[in-house]
Amino acid sequence: MNIKPLPMRDVFLEKIWNEMSVDSLIFFVSADFGSPVLDKIREDFPDRFINVGIAEQNLINISAGLAIEGYKVFAYAIAPFITMRCFEQIRVSLALLSEVRPMNVNLIGVGAGYSYVVSGPTHQCYEDITIMRALPNFQVLSPADHITTSFLFNSCVAANGLRYLRLDAQVQPAVYLLKPPVISDGFHVHNKSNSVCLIATGFMVHTAFKIEKEMSSNGIKLGVIDIFNITNFSKKNLKKILSQYSAIVTLEEGFRGRGGLDSMLFEFISESKLDLKTLSIGVDPGYSFELGSRDELHEKVGIGVQSSLKKIQPFVQTVMNKIKE
Amino acid sequence: MQEITAKELNYLRRKALWVWKETLAIHRRAPETRLASSLSVIEIFVALYYGGGLKFNALDPLDENRDRCIISKGHGSICMYPILADLGFFPLEELNNVCKTGGFLGGIPDPVIPGYETVNGSLGHGLGVATGIALALKTKKSDSDVFVVTGDGELHEGANWEAIMFASHHKLDNLNLIVDNNNISMLDHTDNIISHSGLVDRLTSFGWSCVEVDGHDIVAVQKEILEQKNTANKKPKAIIAKTLKGHGVPGLENASLSHIMNPKPELIDELLENLIDNLLEKK
Chain Y
0 MNIKPLPMRD
10 VFLEKIWNEM
20 SVDSLIFFVS
30 ADFGSPVLDK
40 IREDFPDRFI
50 NVGIAEQNLI
60 NISAGLAIEG
70 YKVFAYAIAP
80 FITMRCFEQI
90 RVSLALLSEV
100 RPMNVNLIGV
110 GAGYSYVVSG
120 PTHQCYEDIT
130 IMRALPNFQV
140 LSPADHITTS
150 FLFNSCVAAN
160 GLRYLRLDAQ
170 VQPAVYLLKP
180 PVISDGFHVH
190 NKSNSVCLIA
200 TGFMVHTAFK
210 IEKEMSSNGI
220 KLGVIDIFNI
230 TNFSKKNLKK
240 ILSQYSAIVT
250 LEEGFRGRGG
260 LDSMLFEFIS
270 ESKLDLKTLS
280 IGVDPGYSFE
290 LGSRDELHEK
300 VGIGVQSSLK
310 KIQPFVQTVM
320 NKIKE
Chain W
0 MQEITAKELN
10 YLRRKALWVW
20 KETLAIHRRA
30 PETRLASSLS
40 VIEIFVALYY
50 GGGLKFNALD
60 PLDENRDRCI
70 ISKGHGSICM
80 YPILADLGFF
90 PLEELNNVCK
100 TGGFLGGIPD
110 PVIPGYETVN
120 GSLGHGLGVA
130 TGIALALKTK
140 KSDSDVFVVT
150 GDGELHEGAN
160 WEAIMFASHH
170 KLDNLNLIVD
180 NNNISMLDHT
190 DNIISHSGLV
200 DRLTSFGWSC
210 VEVDGHDIVA
220 VQKEILEQKN
230 TANKKPKAII
240 AKTLKGHGVP
250 GLENASLSHI
260 MNPKPELIDE
270 LLENLIDNLL
280 EKK
């Protein structure tokens, strides 16, 4: 595994290139979206690399047609476009059709959350977890680093299925250098405590680590869980772990209270009959045209380290007081 | 190309008439079905399925060697039910269970029906998926062709034109589009919505091989299907079949609101009793 952090996208594309060399059933379909590593795929597999142009509806339709004929398809575009521009094509010819026609289609969306920092709200993506998790038969995968991304690729080629993989467009620090993520669980426990657990996905896993460190320096221990399979995680194992806590804080780079990670976990808690207090850290619903660094933007919309701490500190205090009672 | 014999012609006409009658009978039993758009496309499907244009295997509907037939105009294909039953895809008795609990023949056909390849009914999806299938078959070096039947109203969906551009760029001459050009959408004639006049020129300018035929002239339709199928010219093919929505039913035929009109049961009974012979004569 690479020690130096790498772009998730390039790690994934490199693995696709390797697999295409040995598996002639893999097709790579792009909606005019690239990467230096993609050039290799384009040059070495001209018959199985297709650029449909700036046409996401056709990207999905072509992928569906290839897939029902037995090809394993990787469809590639910018995250908001590959999910929202062509949502009905995804619903009808992938999610619905897969009920009767087995298929393997992997939608690779680059640019989760605010990762296209200066491109503004058209290219940023705060709704994808919500809308993609609404579809039965789809797995929503949301890695925090290039190592998780690499492991998730293996599951994409291992079996038929429909997957949406949301990748960060920026290089993120490696999380799993020493120990691989527990892919079969769909989540990975990093820090343990017995009071409050931070549950984060994608970029926000790194934010959760910073919050944990800050709180820890003040003598308060928090648990941290990275959840990278939003739809198909082990409910049994997560229930077992969360039953040791009094509260959870969800952290996502998407709208708060709009059906994303927070809603998924709150539904899970209710369904699992877990007695947990909850706090949701997510983007204040609304669109902003302000410019700034990713950290600055995060502070403005309420998901930066400092703005999150402002909400988390009093929440943790209340929980601790309750425990003492 | 060999000319069709009088015997073959008689066979096709009799099949078309039988399908027309069965379609009316299905609608009489299940008024939730869309009748008018299923009547304009009968000769097209009969030519495909009985005229030797389409390779299929009723006993193994997903046989690798079949031609793929994508029926994009989902609701407007109730006439496919008697055809598929007659050819042995499922028992004829199922025609009594259309839209009934426990049956599998719905108001809009689903791919649980043997013989249906993809999800349709939501319009404008068939051509794009068919194009992906055509690309897959080319890559596999398969001899099979892909047929896709759309309405003209659904060509207002932009995704079709993404596929139309794609198919000619990739020289998919195994892709055969047949447009049931009945000129009527749900609320009005397409000329009053967004006109499709000049469709042949439009598709030709997009790099397709395109011809127009009388969609109720079963010989003409069958001839074009066979001719296009046997032409390897590195161009996707299209047949614009000029048809009448509600064909053969007085009051329904070519009425601007025919898509959502249900003829009175008595009229259907009368048609089924008396008009069959006349129609056969007319043809």
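Chains as they are written, first to last, in numbering that gives the first Met the number 0: chain Y, 0 to 324; chain W, 0 to 282.
Positions of the beta carbon are idealized from the N, C-alpha and C atoms, including for glycine.
Just so we're clear, the structure is a prediction, and the values are computed from it rather than from any experiment.
Please confirm whether residue i and residue j have their CB atoms less than 8 Å apart.
i      : j      : result
Y/E270 : Y/G201 : no
W/L271 : W/V248 : no
Y/M203 : Y/I302 : yes
W/L53  : Y/I61  : no
W/N96  : W/L86  : no
W/V218 : W/C209 : no
W/I69  : W/V147 : yes
Y/S114 : Y/A168 : yes
W/T203 : W/C98  : no
W/D213 : W/V40  : no
Y/G368 : Y/Y163 : As shown, chain Y starts at 0 and ends at 324. That puts residue 368 of chain Y outside it, with no answer to give.
W/I77  : W/S37  : yes
Y/V104 : Y/L24  : no
W/G73  : W/I107 : yes
W/D187 : W/S255 : yes
Strictly under 8 Å for the Cβ-Cβ distance: is residue i near chain W by that measure?
i      : result
Y/V91  : yes
Y/S62  : yes
Y/M19  : no
Y/Q171 : no
Y/I67  : yes
Y/R41  : no
Y/E87  : yes
Y/M0   : Unreliable placement is indicated for Y/M0, whose pLDDT of 45 sits below 50; the coordinate value is still reported in the next sentence. Closer than 8 Å: no.
Y/L177 : no
Can you tell me whether DSSP reads residue i as helix, strand or coil?
i      : result
W/Q227 : helix
W/G197 : coil
W/I3   : coil
W/L176 : strand
Y/E324 : coil
Y/S118 : helix
Y/I53  : coil
W/I192 : helix
W/A15  : helix
W/K263 : coil
W/T149 : strand
W/V111 : coil
Y/G253 : strand
W/D187 : coil
Y/D225 : strand
W/A237 : strand
Y/N1   : Interpretation of Y/N1 is limited by its pLDDT of 46, a score under 50 that renders its predicted location unreliable; no figure is taken from the coordinates.
Chain Y beta carbons: is any one of them nearer than 8 Å to that of residue i?
i      : result
W/G127 : yes
W/P264 : no
W/P110 : yes
W/L136 : yes
W/I70  : no
W/S121 : yes
W/H124 : yes
W/F205 : no
W/V212 : no
W/F44  : no
W/F165 : yes
W/E92  : no
W/V147 : no
W/A237 : no
W/I132 : yes
W/A162 : yes
W/V97  : no
W/A57  : no
W/L8   : no
In the DSSP assignment, what are the bridge partners of residue i?
i      : result
Y/T277 : Y/I247
Y/A74  : Y/V28 and Y/L106
Y/Q138 : Y/R162
W/G131 : Looking at the DSSP assignment, W/G131 forms no beta bridge with any residue, so it has no partner.
Y/E211 : DSSP output for Y/E211 lists no bridge partner at all.
W/E211 : W/I239
Y/I198 : Y/I224 and Y/T249
Should residue i be counted as a contact of the ligand FAD given a C-beta to heavy atom distance under 7 Å?
i      : result
Y/E270 : Only the bare structure without any ligand can be found here, which leaves the ligand FAD out of the picture.
Practice prompt. Output the residue ranges of the beta strand (DSSP E) runs that lie fully inside the segment 145 to 196 of chain Y and measure 3 residues or longer, sorted by chain position.
Written response: 160 to 166 and 186 to 190
Discussion item. Which runs of the beta strand (DSSP E) at least 3 residues long sit entirely within the segment 32 to 106 of chain W? Give them in chain order.
Written reply: 67 to 70
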